[in-house]
Each structure stands twice: as structure tokens, then as C-alpha cells.
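A.B. asks: Taking our numbering, I'd label the letters of the first sequence as residues 67 to 552.
Yeah, the Cβ is synthetic: ideal placement off N, Cα and C, and Gly gets one too.
Values in this document were obtained by computation on a predicted structure and should not be read as measured data.
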Amino acid sequence: MINETPRVRFAPSPTGYLHVGGLRTALYNFLFARRNNGRFILRIEDTDRKRFVEGAVENLVASLKWCGLEFDEGPDAAGDVGPYMQSRRLDIYDYHAKQLIESGHAYYCFCTPERLNALREEQQKQKLPQAKYDKHCLHLSKDEIEKSLASGIDKVIRLNVEPNQKIIFEDIIRGRVEFDSNNIDDQVLIKSDGYPTYHLANVVDDHLMKITHVIRGEEWLSSTPKHILLYDFFNWEKPEFAHLPLLLNPDRSKLSKRQGDVAVEDYRAKGYLKEALVNFVALLGWNAGDDKEFYYMNELIEKFSLERVNKSGAVFDLEKLNWLNAEHLRKKTDNEILQLLKEEINHSALDISQYPDEYLLKVITAMKERVSFIHEFLSKSPYLFEAPKEYEQAAIAKGWKPETPEELKKLCSAFSNLENPSKEDFEQAFEKAVGELNISKGKLIHPLRLAVSGMSTGPGMFDILFILGKEEVIKRINNAVETIRA
RNA sequence: GGCGCGUUCGUCUAGCUGGCUUAGGACGCCGCCCUCUCAAGGCGGAGAUCAUGGGUUCGAAUCCCGUACGCGCUACCA
């Protein structure tokens, strides 16, 4: 074991999208694998036919890959212990379930749902500590079993849990965990439709796929004793277990759709950078023990360890994600941002051909520190892409005086004398004009900003003028004078 | 109900082998500086009797026990 290559798996059921909690689980598996020169495996747990969702696997894989979580083995990256879709391994589960029956650790059950329901109700009425199957079919005679089997009536295969056993295992994150077998039900292993339940499939696959570390969500902790039992019954070596704390809603319930976005694709659509999402999710339940919060994937790989994963659930705090997104955005080079911005423009109503790279680069320099998302280049500085069609009312009320139009006109003529003006040229011309008007700089700069941008906030005034260029600036000032005067 | 897991500022967390903690950092919030505005940046502030009660100890957020609360599981779902 010690010298074996660590092998871990992310084993989602294909529900249609990658949940951010799933992303966190996948990420920790991935980081652990990369950190320890191991293998990261994707296995699809599609044994519930009622939950089949068309295209779910493709979507899952796409989200995983977008986040940079490349798996070494999986549905479309075959290794030699596949297939990696449980629905294609039915014969394997069947074979192993039968082995269990032969060894007496499992048995056929022909009970109808009606009998099971009645049993449960009866047990509840009696206020029994826990509702459990009564092992009725365990005591069927060989003949009865043969007859029922031959008749083709519905059957399942159940785990034969022996009472009064202590089931103990060591969890990497939680330490020693102990269960009493009296609290464990004779779990169905093979359903009446022939598909295995999670419990059987996951143990058989983890063993056959040589998984060394089972890293999964805390919701599995309670069923781990069933899995331990199965390993023992098969006489297989057990993997290490690490149960991750849950991701929570702001009200501390398990992170759910009702209280916001949970799908990775939602965050992608909202303009979050994959670097930020990964960084943020990594920190939800883990830290290196220092104050570092800004990480790239390679740094996470270098620092990650299961031993430093927390035990308690973590609230998914959007504010902090937003901050990290801004941080990651600002750390990118202007050229990297340029590519993203061009994509954004392409997906907007704007015509990309109107904005040469050189122009966009100026916009990026001016706005980079003022945005948290790429799409904010467009929403926070629309005037750098199109002339303003309206002007902020509050700013008009505050800075637009009766004499303002004349003063702006004066600026226009000052600017018109400039030859291909730089930022400094604009500034000098502005100061000269202001001096001649005998007014303070501040008195005119705000109306000018309003006239040129339609807004009261943004980059330095002269940066804006420089980006827009002389002709456009003059045109906009004249436009504003007319519009606001009217 | 039963079983299991958890509980440090609003949130993410440091603190893991008890003293260096008057409990540190980050997000958010507030204020100041910078400044043509908004950001970014710098500085500062408010904010946690470490869920609670009881032990052990010269000394506990750190070890032990109880209680409360929260969450998970309790399916022929994963």
C-alpha cells in the first residue's frame, strides 16, 4: 500500500450539471492526486435509471475541464480498469452480489413494496429506535427461493448484516468513527431492475479500480459502515477514507438551488473566472496554515493536504468570491484580459470591428482596477464603447450651472486647436481654458465628465479624453450641451 | 425518534503537540489619507466572554465528561 500509486476518484451521479459542492470534492481529489503523483479518476454513478438526464455526463465533463480538473481515467479518457460508467458494469455487480449470496453475506428478498411499507409503519407505531428490514427472506427455504426465482417475481439482493458488531474505521479528517451494526439496515445491494445500489457499486468499483483513498462528502459518512462490511465480506483491503465537510447556504443548511446558484455553469455564465472559482472553493474547508488566500492551481497542488481539511461545514460567501474574482482579474496581463474582453464584446450587441485591440488595451488600462468582472468593462464604462444617450440626473442637478454650456464651448475650441493630443495635451489645454475663464478646475471638470461620459464616476478625466480622442470628445461635448440645455 | 458528525468575529479561517493570545489574518462594514469623481492602494476602527455547564491543571479556545444547538444519514437516490 505504502508504495502504491495513490488513486482517487470523483464519482458523481449525472444529475445534469456540476454542483459547486461537487466541484470542491472533485478539486480536493484532484489536488490530492497531483500532489502525491497519483491518478485522478472520473467515474459516473448512473445506477438510478429514474434519474437519467440526457447529456448530463457531457455537461459534467465540460464543467470539470473548464475548471482545469483534467482526469487521468474516465468515460472519455479510458484506462485499463473501465468502463467508467456504472451502467455498463452490471454484470460485474451481479457476479459479486452472487458471490456474497454464496458466502452467506447477502440474500434474495422477494418482499413487496407493500409489505415493506406496512413493516415500516408498524415499526414506527411501536416507536422502535429505527426502522429496519426484519430479515424475513433470510429464513426462506432453499425450495422457496428456487421457486420464487423461477417464477420471475420481483427480487432484490440484500446485505446480511450481523447484529452486535462494532464497526470502526479511521477517517483521515475526523479520526476514529464507530458504529454499532444493530443500527445498520440490511441494505438492498441489487435492485429489482437489476441495477446495483450505490453501496455495492461503489465498493466493487473502488476495489476493482484500485482506489486507495475515498475522498467524498460528509453525507456518506453514515453509510460508510455498510461499505466497511462489504470490504470485509469480500475479504478486500480497505481504502483510506476522508469525509469532507459540507458546503452551506447562508442559513447553514446544505447548499441548495433554492438559495442561489449551485451549478458551476451558472458561475461561469455570470462571468466568474475559473481561477477565482477554484481558488475560492479550495479555501472552503481547507487552508495551508498561513495567511495566504490568493492561489493559482499549481500552488494549491503544492500545498494541499487532507490533514489540513476542516471538519465543519462552510458557508458559500458570494462577497468573498467576488473579491477573489477581482483579484484574479487584476493579476492577469492586459493581453489576457484583452482576449476575454473581446469574447465579451462578441457576446454583446456591440460590433467588435469598431474596437481595434490597441483601443481596447487603453480601455483595459483605464478600467482594470475598477472592475471585478469582465462584463463590467461594458456596464461600468459604456461610454468608452458608445456615446452617451442620456446623462445622470443627479449629476446634472449637482454640477450643471447656467454658465456651464458656455464654459464647455470654450473647452471645445481649446481642444480643437490640438494636434493628435495626448493625455497631457488635453490637461494643459483644459488648465489654460480654466485659467482664462477664471474658474477653478473642479468647477468644470465634473460637468465635462458628465458631458463626455454621461456619468459621474470613472477613470481620470484626461485618460477618458485621451482614449476617446479629440474628434469624439468635441462631438460629445456639443451633443451634451444641446441635450441638457433642451 | 435513532445513529453519526460538527460548534473561534456576520462570513471564510489561524490557533492543531495546553502558557509567547490583551484570540491573529481575510471578505464585508465604518472612518481617515491619496484625489477631478469612482476604484485601486495605504492607514485606522468596530466586530469572537473561543456554543454552554462542569472537571483536569499553577495555567485551557486548546485535554476529559455532560448539555444545548446545527447539520447529515435513516430508500429497490446517489
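Please look up how many angstroms separate the CB atoms of Asp-522 and Ala-463, rounded, as I've assumed it's under 8 Å.
C.D. replies: According to the sequence provided, residue 522 is Ser. The question's Asp does not apply to it. Not quite, the Cβ-Cβ distance comes to about 11 Å (not below 8 Å), so this is no contact.
A.B. asks: Given Ile-68, which residues of its chain have a CB within under 7 Å of its CB, disregarding the five upstream and five downstream residues?
C.D. replies: At Ile-68 the pLDDT is 45, less than 50, meaning the model places this residue with poor confidence; the figure from the coordinates comes in the next sentence. Here the set comprises nothing.
A.B. asks: Quick check on the burial criterion: 16 or more other C-beta atoms within 10 angstroms. Buried or exposed for Asp-209?
C.D. replies: With fewer than 16 other Cβ atoms within 10 Å, it is exposed.
A.B. asks: List the whole-angstrom C-beta distance separating Val-119 from Gly-82, where the pair is believed to meet the contact cut-off of C-beta under 8 Å.
C.D. replies: Their Cβ separation, rounded to whole angstroms, is 4 Å, which keeps Val-119 and Gly-82 in contact under 8 Å.
A.B. asks: Let me check understanding here. Comparing Cα to Cα, which of Gly-535, Leu-372, Ile-107 and Lys-276 lies closest to Ala-77?
C.D. replies: Comparing Cα positions, the closest option is Ile-107.
A.B. asks: In the DSSP assignment, what are the bridge partners of Pro-262?
C.D. replies: Paired residues: Ile-256.
A.B. asks: If you compare alpha carbons, which of Gly-140, Trp-389 and Gly-508 is closest to Tyr-338?
C.D. replies: Checking every option, the nearest Cα to that of Tyr-338 belongs to Trp-389.
A.B. asks: For Trp-302, which option in Leu-274, Tyr-333 and Phe-492 has the closest C-alpha, if you only look at C-alpha atoms?
C.D. replies: Nearest C-alpha to Trp-302: Leu-274.
A.B. asks: Taking DSSP's pairing of strands, which residues face Leu-108 in a bridge?
C.D. replies: DSSP lists Phe-76 as partners of Leu-108.
A.B. asks: Quick one: measure Cβ to Cβ for Leu-213 and Tyr-174, integer angstroms, because I've assumed they're closer than 8 Å.
C.D. replies: In the sequence as displayed, the identity of residue 213 is Lys instead of Leu. Rounded, the Cβ-Cβ distance is 11 Å, inconsistent with contact.
A.B. asks: Taking the CB atoms as reference points, tell me whether Val-330 and His-162 lie closer together than 8 Å.
C.D. replies: In this structure, His-162 does not lie closer than 8 Å to Val-330 by Cβ.
A.B. asks: On the CB-based measure, 16 or more other CB atoms within 10 Å of its CB, does Lys-536 come out buried or exposed?
C.D. replies: Under this definition Lys-536 is a buried residue.
A.B. asks: Exposed or buried, which one is Gln-253 when buried takes at least 16 other CB atoms within 10 Å?
C.D. replies: Burial call: buried.
A.B. asks: Looking at the secondary structure, which residues open and close the alpha helix (DSSP H) in which Gly-88 lies?
C.D. replies: Counting along the chain, the alpha helix (DSSP H) containing Gly-88 begins and ends at 86 to 101.
A.B. asks: Compare the C-alpha of Arg-380 against each of Ser-319, Thr-470 and Tyr-264 and name the closest.
C.D. replies: The sequence shown places Ala at residue 380, rather than the Arg named in the question. Residue Ser-319 is the option with its Cα nearest to Ala-380.
A.B. asks: According to DSSP, which residues form a beta bridge with Met-433?
C.D. replies: In DSSP, Met-433 forms no bridge with anything.
A.B. asks: Measuring CA to CA, which of Phe-382, Glu-402, Asp-423 and Glu-435 is closest to Glu-393?
C.D. replies: Of the listed residues, the one whose Cα sits closest to Glu-393 is Glu-435.
A.B. asks: Among the candidates Lys-377, Ala-517 and Ser-506, whose CA atom is the shortest distance from the CA of Ile-238?
C.D. replies: The shortest C-alpha separation from Ile-238 is found at Lys-377.
A.B. asks: From what residue to what residue does the alpha helix (DSSP H) around Asp-298 run?
C.D. replies: Element bounds for Asp-298: 290 to 300.
A.B. asks: Smallest Cα separation from Glu-469: which of Asp-246, Lys-509, Tyr-457 and Ile-281?
C.D. replies: Answer by Cα proximity: Lys-509.
A.B. asks: Out of Asp-327, Val-328 and Phe-370, which has the shortest C-alpha to C-alpha gap to Asn-345?
C.D. replies: When each option's Cα is compared against that of Asn-345, the closest is Phe-370.
A.B. asks: Going by Cα to Cα distance, which pick from Leu-387, Ser-217 and Glu-187 is closest to Leu-349?
C.D. replies: Among Leu-387, Ser-217 and Glu-187, the Cα nearest to that of Leu-349 belongs to Leu-387.
A.B. asks: Quickly, what does DSSP pair Glu-613 with across the bridge? List them, please.
C.D. replies: Residue 613 is absent from the model: the chain starts at 67 and stops at 552.
A.B. asks: Counting C-beta neighbours from all protein chains within 10 Å, is the total for Asn-341 16 or more, i.e. buried, or is it exposed?
C.D. replies: Note that residue 341 corresponds to Glu in the displayed sequence, not to Asn. Glu-341 is buried by the Cβ-count criterion.
A.B. asks: Out of Ile-505, Pro-513, Phe-96 and Thr-113, which has the shortest C-alpha to C-alpha gap to Leu-156?
C.D. replies: Cα-wise, what sits closest to Leu-156 is Thr-113.
A.B. asks: Name the two residues that bound the continuous alpha helix (DSSP H) containing His-570.
C.D. replies: Residue 570 lies beyond the stretch modelled for the chain, which goes from 67 to 552, so this question has no answer here.
A.B. asks: Kindly indicate which three-state DSSP category Val-269 falls into: helix, strand or coil?
C.D. replies: Note: Val-269 maps to helix in three-state DSSP.
A.B. asks: By Cβ distance below 8 Å, which residues in the same chain neighbour Leu-474 in space, the five residues on each side in sequence not counted?
C.D. replies: Leu-510, Pro-513, Leu-514, Ala-517, Ile-543, Ala-546 and Val-547, listed in sequence order.
A.B. asks: Going by CA-CA distance only, name the one from Asp-160, Val-328 and His-85 that's closest to Ile-256.
C.D. replies: Comparing Cα positions, the closest option is Asp-160.
A.B. asks: Please state whether the Cβ-Cβ distance between Asp-246 and Lys-232 is less than 8 Å.
C.D. replies: Result yes, Cβ atoms of Asp-246 and Lys-232 sit closer than 8 Å.
A.B. asks: How would you label His-205, buried or exposed, when you count the other beta carbons within 10 angstroms and need 16 or more for buried?
C.D. replies: Exposed, because fewer than 16 other Cβ atoms sit within 10 Å of the Cβ of His-205.
A.B. asks: At the level of alpha carbons, what is the spacing between Arg-374 and Glu-285?
C.D. replies: The alpha-carbon atoms of Arg-374 and Glu-285 are separated by roughly 20 Å.
A.B. asks: Trp-132 by DSSP, collapsed to three states: which one?
C.D. replies: Looking at Trp-132 - three-state DSSP - the assignment turns out to be helix.
A.B. asks: Please report the straight-line C-alpha distance between Ser-217 and Asp-259, rounded to a whole angstrom.
C.D. replies: Cα to Cα, Ser-217 sits roughly 16 Å from Asp-259.
A.B. asks: Can you tell me whether His-279 is helix, strand or coil according to DSSP?
C.D. replies: His-279 falls in the strand class under three-state DSSP.
A.B. asks: Terminal residues of the continuous alpha helix (DSSP H) containing Lys-446?
C.D. replies: Element bounds for Lys-446: 441 to 446.
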